[in-house]
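Q: Remember, this note's numbering sits 578 above the position in the sequence shown when you count from 1.
Note that the Cβ used here is the ideal one computed from N, Cα and C, for glycine as well.
If you're wondering where the values come from, they're calculated on a predicted model, not measured in any experiment.
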Amino acid sequence: MKSINPKYTISTNVYKNGIIVQDVNYEFCDERQEVSHRIIDTMDLQIKGALIELGWTPPKEEIR
């Protein structure tokens, strides 16, 4: 018997060039649909500043 509950899956990939890609997908019965697709560029100054405010420490080669 199939589940009647929808399933959400989140996948996050981090690339060496500072890009983070996150996808959220919804699955129900035989239907699969992308709910969200985010691309975050950690080299962008506003993103970098926000991450630092949250406690992130950039790699040493990035600290100036």
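With DSSP as the reference, label Ile630 as helix, strand or coil.
A: Here Ile630 sits in helix by DSSP.
Q: Taking Cβ positions, are Val599 and Ser614 nearer each other than 9 Å?
A: no
Q: With a threshold of 6 Å on Cβ separation, who are the neighbours of Arg616 within its own chain once the five nearest residues in sequence on each side are excluded?
A: Gln600
Q: Here's a check: name, in chain order, each residue in its chain whose Cβ is nearer than 7 Å to the Cβ of Ile619, leaving out the five neighbours to either side.
A: It should be pointed out that residue 619 corresponds to Asp in this sequence rather than to Ile. Cβ within range, chain order: Gly596, Ile597, Ile625.
Q: Compute the Euclidean distance between the alpha carbons of Glu631 and Lys594, then round it to the nearest angstrom.
A: A direct Cα-Cα distance of roughly 22 Å separates Glu631 from Lys594.
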